[in-house]
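Take the sequence shown: its letters are residues 15 to 293, numbered as in this note's numbering.
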Amino acid sequence: MDFDTLLMPFRFDFMLNAFYISMIVAVPTALLSCFLVLKGWALMGDAVSHAVLPGIVLAYIMGIPLIIGAFAAGMTCALATGYLAGNSRVKEDTVMGVVFSGMFGIGLVLYVSVETNAHLDHILFGNMLGVDAYELLTAGLIALAVSAVLVLKWKDLLLHSFDPAHARAAGLPVNLLHYGLLAALSLTIVATLSAAGLILAIGLLIAPGAIAFLLVRRFGAMLLVAVAVCIFAMLAGTYASFFIDSAPAPTIILILTALFVLAFLRRTWLTRRAEQRQI
């Protein structure tokens with residue numbers, strides 16, 4: 015393969031937009047994934063990503079921006095989960111499963127009952143190769159706002175995620191941090207709709223943090239490694255999809271999965287090596 019062929023993806027505007035949206039959503043999803051992994055909120059990310067579908071359909075019916083409907087539905091799912099878990103004997107993960115599957119079902123029923131120009135495959139699996147300037151701007155503004163809040167408040171969010179009781183005793187606004195993290199999760203999922211869609215967004219929200227957790231021990235380093243891993247996977251997956259004729263989003267998820275397996279094998283090897291030295 016010659017040099018001109020290697021540069022071919024960069025000669026098409028739709029591929030350049032795909033690279034741009036990849037770099038935009040990589041930072042907030044990677045940063046947020048670290049907190050979700052530490053807090054054990056992997057299923058919450060999955061729940062919110064599925065629950066935004068009815069909000070998107072209702073926003074289309076009402077003629078308002080889809081981002082408003084998606085955010086409202088995501089926050090509704092998060093708040094409903096918290097209320098039901100706090101006022102019943104059912105565990106939170108069970109409540110999440112019931113709420114997000116119910117909202118996802120409502121979204122599918124609404125989608126098939128109305129005529130819409132929005133393609134369901136694009137909503138579920140993303141449409142990176144069809145991203146326009148408005149979607150780039152919207153995702154960029156959301157990514158900038160979410161990333162700024164997570165970077166500025168990462169120490170408070172770390173304490174809240176690791177030990178909420180200690181955070182409350184230290185005088186931190188625990189409720190504000192809790193719902194602020196939920197709002198950041200909902201906004202980030204909205205930003206990733208064009209890139210990965212609803213179903214694959216959970217991979218971007220969990221895998222970078224899980225990989226970084228296996229590679230480093232300090233949380234500050236974990237944030238940096240997660241961002242680097244996510245940017246690499248996003249760009250590499252988008253680039254590779256051009257040559258293997260596949261969709262960018264699932265290619266990116268496959269790369270993240272492969273990186274997780276490698277990180278897991280490395281951690282296992284280091285652990286066994288340390289055990290052998292102690293014998």
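In this text, a Cβ means the ideal position worked out from N, Cα and C, and glycines have one as well. No experiment lies behind these values; they were computed from the predicted model shown.
{"Item": "Endpoints, alpha helix (DSSP H) assigned at L236", "Value": "First, the residue type needs correcting, since residue 236 is Met and not Leu in the sequence shown. Counting along the chain, the alpha helix (DSSP H) containing M236 begins and ends at 233-258."}
{"Item": "Cβ contact (3+ pairs, closer than 8 Å) linking the stretch 179-194 and the stretch 46-66", "Value": "no"}
{"Item": "C-alpha gap between A61 and M29, whole angstroms", "Value": "30 Å"}
{"Item": "Boundaries of the alpha helix (DSSP H) in which F28 is found, first to last residue", "Value": "27-53"}
{"Item": "Inter-stretch contact (C-beta, 8 Å, three-pair minimum) for the stretch 243-250 and the stretch 264-279", "Value": "yes"}
{"Item": "The alpha helix (DSSP H) enclosing F114, as first and last residue numbers", "Value": "106-127"}
{"Item": "is_contact[A221, chain C] using C-beta, thresh 8 Å", "Value": "This model lacks chain C altogether, as it is built from one protein chain only."}
{"Item": "Contacts around A277, its chain only, beta-carbon distance under 7 Å, and the 5 residues preceding and following it disregarded", "Value": "I225, L228, L229"}
{"Item": "Within the stretch 154-217, ranges of the alpha helix (DSSP H) (whole runs, at least 4 residues)", "Value": "168-176, 178-183, 188-205"}
{"Item": "Buried versus exposed call for E289 [16 or more other C-beta atoms within 10 Å across all chains shown]", "Value": "exposed"}
{"Item": "Buried or exposed (CB count within 10 angstroms, at least 16 for buried), M117", "Value": "buried"}
{"Item": "Alpha carbon of M359 to alpha carbon of K53, nearest angstrom", "Value": "Lying before the first or after the last residue shown, residue 359 is absent from the chain, which here runs from 15 to 293."}
{"Item": "The alpha helix (DSSP H) enclosing G69, as first and last residue numbers", "Value": "56-76"}
{"Item": "Residues near V239 by beta carbon distance below 6 Å, same chain, minus five either side", "Value": "A226, L229, V230"}
{"Item": "Distance CB(P264)-CB(V243) smaller than 8 Å", "Value": "no"}
{"Item": "Start-to-end residues for the alpha helix (DSSP H) that takes in F17", "Value": "17-20"}
{"Item": "For G140, three-class secondary structure by DSSP", "Value": "coil"}
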